[in-house]
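Enquirer: Numbering (UniProt numbering), first residue to last: 1 to 450.
Ideal Cβ positions, reconstructed from N, Cα and C, are used throughout, including at glycine.
Input: one structure, supplied below.
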Amino acid sequence: ADQTALLPLHINKTDRLDTPSKPRRSICSTHCAYLLGSRVLQKALKMAESLDSMDIQPSEEVSNGAEGQTAISETQNPKKSSDAGSESDSDDSDDEAQETLRIETLEMELSNNPTNYDSHVQYIRALRKNGNIEKLRQAREAMNALFPLSPAMWQEWTKDEASLTSGPETFPAIEKLYERGIVDYLSVSLWCDYLNFVQEYDPSIRECSPAGILKARNLFERALTAAGLHVPEGSKIWKAYREFEQAMFNTIDETDTEAREKQVLRIRNIFHRQLSVPLLDLSSTLLVYKAWEVEQGNVLDVNSSNLDEISSHVASAYRKALEMLNARGHLEEQISRQDAPDSERIQQFMAYLKLEQSFGDPARVQILYERAITEFPISSDLWLDYTCYMDKTLKTASIVRDVYSRATKNCPWIGELWVRYLLSLERGRASEDEIFAVSFCYPFFRMSVL
Numbered sequence: 001a002d003q004t005a006l007l008p009l010h011i012n013k014t015d016r017l018d019t020p021s022k023p024r025r026s027i028c029s030t031h032c033a034y035l036l037g038s039r040v041l042q043k044a045l046k047m048a049e050s051l052d053s054m055d056i057q058p059s060e061e062v063s064n065g066a067e068g069q070t071a072i073s074e075t076q077n078p079k080k081s082s083d084a085g086s087e088s089d090s091d092d093s094d095d096e097a098q099e100t101l102r103i104e105t106l107e108m109e110l111s112n113n114p115t116n117y118d119s120h121v122q123y124i125r126a127l128r129k130n131g132n133i134e135k136l137r138q139a140r141e142a143m144n145a146l147f148p149l150s151p152a153m154w155q156e157w158t159k160d161e162a163s164l165t166s167g168p169e170t171f172p173a174i175e176k177l178y179e180r181g182i183v184d185y186l187s188v189s190l191w192c193d194y195l196n197f198v199q200e201y202d203p204s205i206r207e208c209s210p211a212g213i214l215k216a217r218n219l220f221e222r223a224l225t226a227a228g229l230h231v232p233e234g235s236k237i238w239k240a241y242r243e244f245e246q247a248m249f250n251t252i253d254e255t256d257t258e259a260r261e262k263q264v265l266r267i268r269n270i271f272h273r274q275l276s277v278p279l280l281d282l283s284s285t286l287l288v289y290k291a292w293e294v295e296q297g298n299v300l301d302v303n304s305s306n307l308d309e310i311s312s313h314v315a316s317a318y319r320k321a322l323e324m325l326n327a328r329g330h331l332e333e334q335i336s337r338q339d340a341p342d343s344e345r346i347q348q349f350m351a352y353l354k355l356e357q358s359f360g361d362p363a364r365v366q367i368l369y370e371r372a373i374t375e376f377p378i379s380s381d382l383w384l385d386y387t388c389y390m391d392k393t394l395k396t397a398s399i400v401r402d403v404y405s406r407a408t409k410n411c412p413w414i415g416e417l418w419v420r421y422l423l424s425l426e427r428g429r430a431s432e433d434e435i436f437a438v439s440f441c442y443p444f445f446r447m448s449v450l
């Protein structure tokens with residue numbers, strides 16, 4: 001059988017640092033599995049060993065980062081290239097016929113090879129252009145059943161659904177799409193879309209009911225947990241949170257002094273929290289905060305970065321955050337260089353991760369791993385490093401399990417990830433049914449039992 005059919009992500013070997021080869025197997029992993037005594041696990045480990053004698057490589061198409069995985073070159077799209085010179089003299093019926101033919105061709109390709117990532121992307125694009133909503137939904141679901149979708153694809157999907165109808169009956173379905181999307185990869189822009197969506201369309205939030213306000217605040221806190229430490233972009237979520245609370249303040253009757261004072265304290269607390277986080281626009285946030293304090297009746301120089309005018313504990317936290325930001329500035333510049341080779345940028349991410357690990361803050365380390373895999377979703381080195389760190393550092397089985405699940409979806413050809421995944425399930429006292437379900441997802445195990 002053609003083993004490459006089991007490798008859903010399509011990349012060019014020359015465009016990545018870690019072209020998959022024989023996975024690194026360790027005696028200790030096999031020995032631990034033996035001691036754990038799971039027959040299912042032992043069988044899966046034996047299947048992993050079969051990789052040692054196989055030369056499994058992904059197919060030869062380019063896959064960019066998760067933020068740009070939907071980019072397909074013009075030469076890969078026969079419709080675009082063939083239509084370029086004849087667009088002016090092609091009538092609507094010809095265009096429609098070509099679109100239909102293109103869709104039928106892609107359907108045939110996916111029928112023959114359902115794990116072809118690029119065919120899924122092109123099929124979704126063709127259906128989106130064609131306007132076949134039901135087929136488009138089915139195509140997106142079919143692709144997501146096999147692959148994690150890029151943030152851009154989730155944004156397209158959610159916005160398409162929201163544009164069709166904005167009634168309250170459709171809100172839960174779109175909300176679920178956002179919940180699915182924020183799991184695949186870290187994306188501040190997707191989180192911001194989600195936050196804006198619930199504020200605009202959730203009836204309880206629009207009515208400012210106590211339950212709705214609580215729901216919004218909980219979602220903002222989740223967004224901060226996921227992306228509030230994102231050095232270049234995290235401030236977008238902090239700002240959105242402050243704006244939401246300011247909007248709540250504006251709804252309070254001017255005669256309700258106690259409620260207004262309580263809301264002022266809430267907004268001030270968000271400012272103080274943000275000023276303690278090393279984010280790129282830290283200095284400008286300080287000026288915004290001082291201007292806001294002036295609006296509350298406090299006397300401050302809004303054009304100065306002087307810290308003497310603010311409380312000592314806020315000033316101390318700000319200085320520490322500024323020091324942390326300065327220590328990371330050169331690495332932030334390196335990993336953001338889009339003109340640098342992927343291999344170089346991955347190495348810069350690794351150096352940055354080493355620095356963060358030396359400071360011992362798991363939250364900061366994890367968000368940097370998430371940023372790295374969003375940029376390089378099929379880098380097995382990154383996933384192996386990430387899962388190893390999670391195994392050693394975090395004791396919450398569900399969090400570690402989720403990372404392994406995503407790792408094996410992005411790099412299903414890496415046997416060591418599957419082995420570690422199964423071992424983590426054993427350590428977390430997962431049921432035998434769950435272990436078997438994961439084992440069955442592993443291509444070489446599945447082949448052995450079919």
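For Val302, I'd like the list of residues in its chain whose CB is within less than 7 Å of its CB, leaving aside the five on either flank, ordered along the chain.
Expert: Numbered from its first residue, the sequence shown carries residue 302 at position 302. So the list reads Leu287, Lys290, Ala291 and Val294, once near-sequence residues are dropped.
Enquirer: Under a Cβ-count criterion, where at least 16 other Cβ atoms within 10 Å of its own Cβ denotes burial, should Leu265 be classed as buried or exposed?
Expert: Mapped onto the sequence shown, residue 265 falls at position 265. That one is exposed.
Enquirer: In whole angstroms, what separates the C-alpha of Glu370 from that of Pro377?
Expert: For this step, residue 370 is matched to residue 370 along the sequence shown. For this step, residue 377 is matched to residue 377 along the sequence shown. Cα-Cα distance, rounded: 9 Å.
Enquirer: Whole angstroms are fine: how far does the CA of Tyr194 sit from the CA of Met108?
Expert: One-based indexing of the sequence shown puts residue 108 at position 108. One-based indexing of the sequence shown puts residue 194 at position 194. The alpha-carbon atoms of Met108 and Tyr194 are separated by roughly 35 Å.
Enquirer: By how many angstroms is the C-alpha of Leu382 removed from the C-alpha of Leu279?
Expert: One-based indexing of the sequence shown puts residue 279 at position 279. One-based indexing of the sequence shown puts residue 382 at position 382. Taking the straight line from one Cα to the other gives about 24 Å.
Enquirer: Under 8 Å, with one C-beta from each stretch per pair, do the segment 150 to 159 and the segment 182 to 189 reach the 3-pair mark?
Expert: yes
Enquirer: How would you call Gly37, buried or exposed, if buried means at least 16 neighbouring beta carbons within 10 angstroms?
Expert: By 1-based counting over the sequence shown, the position of residue 37 is 37. Low confidence applies to Gly37: its pLDDT is 44, below 50, so where it sits in the model is not reliable, and the reading given next is rough at best. Gly37 should be labelled exposed.
Enquirer: For Phe359, count the other beta carbons within 10 Å of its own beta carbon; 16 or more makes it buried, fewer makes it exposed. Which is it?
Expert: Taking the first residue of the sequence shown as position 1, residue 359 is located at position 359. Phe359 comes out exposed.
Enquirer: Could you give the DSSP three-state label for residue 462: helix, strand or coil?
Expert: Absent from the structure is residue 462, since the part of the chain shown begins at 1 and ends at 450.
Enquirer: Just how far apart, CA to CA, sit Gln122 and Thr100?
Expert: By one-based count along the sequence shown, residue 122 stands at place 122. By one-based count along the sequence shown, residue 100 stands at place 100. Going from the Cα of Gln122 to the Cα of Thr100 covers about 13 Å.
Enquirer: By the DSSP assignment, the alpha helix (DSSP H) with Ile378 in it spans what residues?
Expert: Mapped onto the sequence shown, residue 378 falls at position 378. Looking at the DSSP string, Ile378 is not in any alpha helix (DSSP H), and its letter there is neither H nor E.
Enquirer: If we count the other Cβ atoms within 10 Å of its Cβ and call it buried at 16 or more, is Lys354 buried or exposed?
Expert: On the sequence shown, position 354 is the one that residue 354 refers to. Exposed, since its Cβ has fewer than 16 Cβ neighbours within 10 Å.
Enquirer: Looking at the unbroken alpha helix (DSSP H) that takes in Glu261, where does it start and where does it end?
Expert: Taking the sequence shown and counting its residues from 1, one reaches residue 261 at position 261. Counting along the chain, the alpha helix (DSSP H) containing Glu261 begins and ends at Thr257 to Gln274.
Enquirer: Mind reading off the beta-carbon distance from Ile237 to Leu224? Whole number of angstroms is fine, and I expect it under 8 Å.
Expert: Taking the sequence shown and counting its residues from 1, the one referred to as residue 237 is at position 237. Taking the sequence shown and counting its residues from 1, the one referred to as residue 224 is at position 224. That belief holds up - the Cβ atoms of Ile237 and Leu224 are roughly 6 Å apart, short of 8 Å.
Enquirer: Taking the alpha carbon of Leu325 as the point to measure from, which residue in Glu161, His230 and Asp118 has its own alpha carbon closest?
Expert: Locating residue 325 in the sequence shown gives position 325, where the first residue counts as 1. Of the candidates Glu161, His230 and Asp118, the one whose C-alpha sits nearest the C-alpha of Leu325 is His230.
Enquirer: Going by beta-carbon coordinates alone, are Ile182 and Ala240 separated by less than 8 Å?
Expert: Your numbering for residue 182 matches position 182 in the sequence shown. Your numbering for residue 240 matches position 240 in the sequence shown. No.
Enquirer: Could you tell me the alpha carbon to alpha carbon distance between Arg429 and Cys388, rounded to whole angstroms?
Expert: Residue numbering aside, residue 429 sits at position 429 when the sequence shown is read from its first letter. Residue numbering aside, residue 388 sits at position 388 when the sequence shown is read from its first letter. Distance between the alpha carbons of Arg429 and Cys388: 19 Å.
Enquirer: Going by C-alpha distance, which of Asn144, Lys395 and Ala351 is nearest Lys409?
Expert: For the purposes of this step, residue 409 is taken as the residue at position 409 of the sequence shown. When only C-alpha atoms are compared, the closest one is Asn144.
Enquirer: From Asn306 to Ala315, what distance separates their C-alpha atoms?
Expert: Position 306 of the sequence shown, counted from the start, is the residue given in the question as residue 306. Position 315 of the sequence shown, counted from the start, is the residue given in the question as residue 315. About 9 Å.
Enquirer: Starting from the N-terminal side, write out each stretch of the alpha helix (DSSP H) that is 4 residues or longer and does not extend beyond the segment 160 to 227.
Expert: 171 to 184, 188 to 201, 203 to 206 and 210 to 227
Enquirer: Would the segment 171 to 181 count as touching the segment 153 to 163 if we require 3 or more Cβ pairs under 8 Å?
Expert: yes
Enquirer: Does the Cβ-Cβ distance between Val198 and Glu161 come in under 8 Å?
Expert: In the sequence shown, residue 198 corresponds to position 198, counting from 1. In the sequence shown, residue 161 corresponds to position 161, counting from 1. Contact flag unset, no.
Enquirer: When the Cα atoms are used, what is the spatial distance from Leu300 to Glu309?
Expert: Here residue 300 refers to the residue found at position 300 of the sequence shown. Here residue 309 refers to the residue found at position 309 of the sequence shown. Distance between the alpha carbons of Leu300 and Glu309 is about 6 Å.
Enquirer: Does the segment 418 to 433 come into contact with the segment 388 to 398, if we say contact requires no fewer than three beta-carbon pairs (one atom in each stretch) closer than 8 Å?
Expert: yes
Enquirer: Where are the beta strand (DSSP E) runs, 3 residues long or more, that stay fully inside the segment 88 to 166, in chain order?
Expert: Qualifying beta strand (DSSP E) stretches: none in this window.
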